[in-house]
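In the numbering used here, the protein residues as written are -11 to 50. For each residue, glycine too, the CB sits at the ideal point set by N, CA and C. Just so it is clear, the structure is predicted and the values come from calculations on it, not from any experiment.
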Amino acid sequence: MSKMIRVSETTHKAISKHGKFGETANDVIGRLMSELEHCKQCLKQERRIKRKQRAKRKQSNK
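Printed below as a string of structure tokens:
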């Protein structure tokens, strides 16, 4: 189920510029939110990998 988000008219125009043909503002917001969520997951994964690498280096330095 999608959420409805209220935005001002100027924000709506800015969002519409990012839209593809036939996309509504809510479609654009939904797409951008899912892209953001994907980026957050990738960042978490990168941090996890770096943390493991640091721990490995720390272990091998002892």
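Legend entry - CB of A13 within 7 Å of CB of H0, strictly: Judged by their CB atoms, A13 and H0 are nearer to each other than the 7 Å cut-off.
Inset, instruction - State the DSSP-derived secondary structure class of V16, mapped to helix, strand or coil. - result: Correct three-state label for V16: helix.
Inset, instruction - Let me know the secondary structure DSSP gives S48 once reduced to three states. - result: Here S48 sits in helix by DSSP.
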